[in-house]
Structures are given as C-alpha cells and as structure tokens.
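Enquirer:
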C-alpha cells in the first residue's frame, strides 16, 4: 500500500485567527502526521488577520517544516482565508482541519488511502471525536447529545459509508472539484455570517452530482472547552446557524421561520415546566436558529433600502 499511497499528492490547509497557544499544540500533532505520511504533502497555514502571536507561531513552524508555507489574509472571514490557500495548493486532494483539534498520527495517510481506493468519491468527511478536559467533563455529561449540535463532533461508527454532512475540522475534497465549484462561500464562515461554510459546501457539492463519503479511519480530536458548554454559546451557535441558512438560501420562508419560532418557543416553555433539560436546550437552539434567520433577512432588507 505504501507504493500506491505515494502516487497521490495532498495539501493540508489550516486557517486561524488569534489562537496562537492552541495553534502551537495543533501544529505539534500535524508535524507527527506529516512525518508518518507517505507521498508528497504541502501545507498552507493562513493567518486571517490575527492580533496576537499567531504570525510568529506560523512563521516559526513553517521555517522548520520544508513542505509548509504561510499566507496572510487580513480581511476577516474564514472562507476567504481558505479560498486563498485553495488557489495555491499543489495537491490533487486538499485536507482541511482546524486550529483547535489534535490530529491522529495516521490522519494524512488515512485520507490519502481513502481517495485512492475510492476514485468515485469527490469529498470525504472524517471522524471527529470529543477531547473532553477535566474542567468540562461534568458539563459534557449533562447534555452531550445537545452539545453535539454546537460543536463539530462527527462519528458515524467504524465503517465507511455515504454521508451528507461535512465539517471543516476534518474534511477533504479533490482539488479540481473544489476549484470547479468556486471554493467556500465568502459570505459564510467565522468572521462573516458566523459559521456554516462547510455545511453549505457539502450541500453544493452534492447538488452538483458528486459523491461524498465518511471515512472513520481519518480521526481528529476536537476540544470541548467548558466555555462552550453554556446556554449562551448554545444560543450563539443557533443564531449563527440561522444566519448561515439565510445566506446559503437553505432556510425557510419568513412565515415559515415565524411559525417555527413560535413552535420552538412553546416547546421550550413546556420542557421548562416539566423539567426536561435536554429538550429545553434543543428548543433553545431551534429558537435561536429561526431568530437568526429572521434577523439576517431583516438586515438584508434594510441594506437594500435607499438612503
């Protein structure tokens, strides 16, 4: 298999902003995965306008890794940062991950092998497992099913299978397909509408007729920090999702969002009265999502009005 793996070049892209300390840890795991990789790999680290020590961390790491290069994209927007690197990537397949994950040592090879063995597949979603710290164990246990709504945790089991969802923390796409479809939507993603550029791209690639699949062998471990296991963050992620739905054109009509908002609000009240905490949390996420879509629609309407 080593000889076969060497026939496919891959690129790795990471976009980051103001997470210098966590980025340094992530790059340590990436270096291990690169050392274990067979075949050509080029790495692109994109600083999306950081004001902390991120640029120094990137430049220092790139100086020690021959196949790594840095980019600076000052204009806010994760999608813009990713697209800048996509335009320069040299691999036949591009692997994406985030600055707050720990990569399995076999991650690069697992992605490469999957594409070689499945030439009909255009994009792959990898396995994303939670990395729960001592400070977040109890909070995670109190509502793991709901927290998975707001954190990119993705686990469809031990066997490869077709899938619909894709998450930027662990996904890979054939470079030609990425460029054909125009990369990620610059109106979406952290720094723009908040999130959802990966979900929108997954829907777009499937509408174009391409096959997507789940690869359980390509594993990353995503941080589960206590500050994200809060009702406030649950609301924020829901509102981001609603704004992204509107921008991507995959949401409901205004009337549909209003009706769904009323339904979710009634569900929240009922769950609160019955003490059903997990249902209450799910209802809050739905309320925030429809509220976010309505706000995005209203803001877009106001921007179109004459001054």
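Numbering (my numbering), first residue to last: -7 to 299. Every residue gets a Cβ at the ideal spot worked out from N, C-alpha and C, and that includes glycine.
(1) Could you compute how far the alpha carbon of residue 166 sits from the alpha carbon of residue 190?
(2) Going by CA-CA distance only, name the one from 233, 104, 113 and 157 that's closest to residue 120.
(3) Measure the alpha-carbon distance for residue 28 versus residue 98 and round it to whole angstroms.
(4) Would you mind sorting residue 231 into buried or exposed? The rule is 16 or more other CB atoms within 10 Å of its CB.
(5) Would you please state the rounded distance, in angstroms, between the beta carbons of residue 173 and residue 195? I believe it to be under 8 Å.
(6) Just verifying my parser: in three-state terms, what is the DSSP assignment at residue 202?
(7) So the candidates are 154, 192, 224 and 238; which of them puts its Cα closest to the Cα of residue 203?
(8) Among the residues of its own chain, which have a CB less than 6 Å from the CB of residue 35, if the five just before and after it don't count?
(9) Does residue 239 pass the burial test, meaning 16 or more other C-beta atoms within 10 Å, or should it be called exposed?
(10) Apart from the five residues just before and just after residue 100, which ones in its own chain have a Cβ nearer than 8 Å to its Cβ?
(11) Going by DSSP, name the residue or residues bridged to residue 162.
(12) Residue 55 to residue 137, Cα distance in whole Å?
(13) Which value, in whole angstroms, describes the spacing of the CA atoms of residue 209 and residue 247?
(14) What are the start and end residues of each continuous beta strand (DSSP E) run of 3 or more residues lying completely inside the region 1 to 37, in chain order?
(15) Tell me the rounded alpha-carbon separation between residue 141 and residue 21.
(16) Residue 76 and residue 65: beta carbons closer than 7 Å?
(17) Do residue 71 and residue 180 have their CB atoms nearer than 7 Å?
(18) Classify residue 300: buried if its beta carbon has 16 or more other beta carbons within 10 angstroms, exposed otherwise.
(19) In this structure, does DSSP put residue 190 in helix, strand or coil?
(20) To which residues of the same chain is residue 309 closer than 7 Å at the C-beta, ignoring the five residues directly before and after it?
(21) Short of 7 Å in beta carbon distance, which residues of its chain neighbour residue 233, apart from the five on each side in sequence? Order them along the chain.
(22) Using only the heavy atoms of the ligand HEM, determine whether one of them is closer than 6 Å to the beta carbon of residue 218.
(23) Name the residue from 46, 291 and 115 whose alpha carbon lies nearest to the alpha carbon of residue 200.
(24) With 16 as the cutoff for other CB atoms within 10 Å, does residue 207 come out buried or exposed?
(25) Using the Cα positions of residue 104 and residue 84, report the straight-line distance between them to the nearest angstrom.
Expert: In short:
(1) Distance between the alpha carbons of residue 166 and residue 190 is about 15 Å.
(2) 157
(3) Straight-line Cα distance between these residues: approximately 7 Å.
(4) Its Cβ being crowded by 16 or more others within 10 Å, residue 231 is buried.
(5) The Cβ separation is near 11 Å, so there is no contact.
(6) coil
(7) Comparing Cα positions, the closest option is 154.
(8) 4, 59 and 60
(9) buried
(10) 2, 4, 25, 26, 28, 29, 33 and 87
(11) BP columns for residue 162 point to 89.
(12) Their Cα atoms are separated by approximately 42 Å.
(13) 43 Å
(14) The region 1 to 37 is shown to contain whole beta strand (DSSP E) runs of 3 or more residues at 2 to 8, in chain order.
(15) Their backbone Cα atoms lie some 26 Å apart in a straight line.
(16) yes
(17) For the 7 Å CB-CB criterion, residue 71 and residue 180 form a contact.
(18) Because the chain spans -7 through 299 in this model, residue 300 falls outside it and cannot be assessed.
(19) Note: residue 190 maps to helix in three-state DSSP.
(20) An answer regarding residue 309 cannot be provided, because it is not within the stretch -7 to 299 covered by the chain.
(21) 187, 188, 281 and 284
(22) Absence of the ligand HEM is noted for the structure shown, with no ligands found whatsoever.
(23) 115
(24) Under this definition residue 207 is a buried residue.
(25) 10 Å
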